[in-house]
Amino acid sequence: MGWLKNVLMEDKEIANERLELTDKNSLYFLGPNLLLRNCTIILKVSARNLIIVGARFIDCTFEVKQELKNHQQWVKASLKGCRFKGRLTGCDFGHWPDYGTGWEHGAIEDCDFTEASLDGCRIMGGDPSTIRFPKWPCFTILDPIGRARELNSVQWPGGFRPIVVEGQYRDPPCTMAVTFYAPALAKRRETTEDAFRAVIEKFDCIVY
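Take any residue in the sequence shown, note its place counting from 1, add 633, and you have its number in our numbering.
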């Protein structure tokens with residue numbers, strides 16, 4: 634594997650453009666002091682090729698052409714009025730003060746994920762009521778920390794625990810919502826989507 638080429642996008646404002654971040658041999662740095670307004674951003678790289686620090690996105694559309702896994706750096710971006718399409722797994726969005734450097738830029742509001750497939754994706758520190766979540770077979774737990782006792786009091790299929798409030802892998806206190814993709818979850822837990830749906834329907838804090 635050769636050297637990766639650095640593509641730096643910083644200290645500028647870009648409007649009404651189509652940006653293709655698709656070169657596997659490039660490292661894309663978005664920010665600091667980058668403002669993208671009304672742009673379409675095509676993503677077809679892995680999380681490690683996409684570095685976000687202090688970028689602002691207003692009314693942008695993200696088209697995720699290959700599954701984007703475990704990309705927490707969205708919490709270093711400000712997202713307002715943006716739309717996401719494609720598959721995202723283990724990604725976090727919003728305001729997460731304990732995350733590390735760059736967190737102060739993190740924000741999310743008025744965003745639309747209805748054309749995306751989210752699995753294990755969290756909204757941190759924002760107001761989920763301004764966000765449109767994908768429908769079934771995705772489902773979204775609102776206020777998971779506040780409702781943790783209630784959520785964990787029932788028997789979920791395959792020994793699944795929707796929210797973890799203690800131990801090394803606990804969900805941070807600023808977790809405002811978490812979305813799962815039932816087919817992938819059922820496969821991981823060796824159970825069925827219908828088994829999950831039967832439990833989900835009991836809760837008014839779950840959107841599906």
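Backbone N, C-alpha and C fix where the C-beta goes; we use that ideal spot for every residue, glycine too. Note that this is a predicted model, so its numbers are computed, not measured.
Thinking C-alpha only, which one of the options is nearest residue i?
{"i": "Lys718", "options": "Lys677, Gln705 and Asn682", "result": "Lys677"}
{"i": "Phe746", "options": "Pro730, Gly758 and Pro767", "result": "Pro767"}
{"i": "Arg651", "options": "Ser679, Ser750 and Cys693", "result": "Cys693"}
{"i": "Phe793", "options": "Arg822, Gly759 and Asp743", "result": "Arg822"}
{"i": "Thr812", "options": "Glu799, Thr825 and Thr773", "result": "Thr773"}
{"i": "Ile764", "options": "Arg830, Met809, Lys645 and Val708", "result": "Met809"}
Kindly say whether residue i, judged by its beta-carbon, lies nearer than 9 Å to any beta-carbon of chain B.
{"i": "Asp745", "result": "Of the chains in the structure shown, none is chain B; there is only one protein chain."}
With the cut-off set at 9 Å, would you say residue i and residue j are in Cβ contact?
{"i": "Ala701", "j": "Leu683", "result": "The question names Ala, but residue 701 in the sequence shown is Leu. Yes, the pair counts as a contact, with Cβ atoms nearer than the cut-off."}
{"i": "Val840", "j": "Val787", "result": "no"}
{"i": "Phe836", "j": "Arg782", "result": "no"}
{"i": "Cys754", "j": "Ala815", "result": "no"}
{"i": "Asp752", "j": "Ala817", "result": "yes"}
{"i": "Gly723", "j": "Cys744", "result": "no"}
Can you list, in chain order, the residues of its chain whose CB lies under 8 Å from that of residue i, leaving out five sequence neighbours each side?
{"i": "Lys638", "result": "Asp656, Asn658, Ser659 and Leu660"}
{"i": "Ile647", "result": "Leu667, Leu668, Leu669, Arg670 and Cys672"}
I need the DSSP call for residue i, collapsed to helix, strand or coil.
{"i": "Ile786", "result": "Before going further, note that residue 786 is Ser rather than Ile in the sequence given. It is coil, neither helix nor strand."}
{"i": "Leu818", "result": "helix"}
{"i": "Gly791", "result": "helix"}
{"i": "Glu737", "result": "helix"}
{"i": "Thr808", "result": "strand"}
Below 7 Å CB to CB, which residues in the same chain sit around residue i once its five sequence neighbours on both sides are set aside?
{"i": "Pro665", "result": "Glu643, Val686 and Gly687"}
{"i": "Glu653", "result": "Ile675"}
Identify the continuous beta strand (DSSP E) that holds residue i and give its terminal residues.
{"i": "Val697", "result": "Thr694 to Lys702"}
{"i": "Asn639", "result": "Lys638 to Met642"}
{"i": "Phe717", "result": "Arg716 to Thr722"}
{"i": "Asp837", "result": "From DSSP, Asp837 is part of no beta strand (DSSP E); its letter is neither H nor E."}
{"i": "Glu646", "result": "Lys645 to Ala648"}
{"i": "Glu742", "result": "Ala740 to Glu742"}
Span of the alpha helix (DSSP H) holding residue i?
{"i": "Phe829", "result": "Glu826 to Ile833"}
Cutting at 6 Å between CB atoms, please list the residues of its own chain near residue i, excluding the five before and the five after it.
{"i": "Ala828", "result": "Pro790"}
{"i": "Gln706", "result": "Ile685"}
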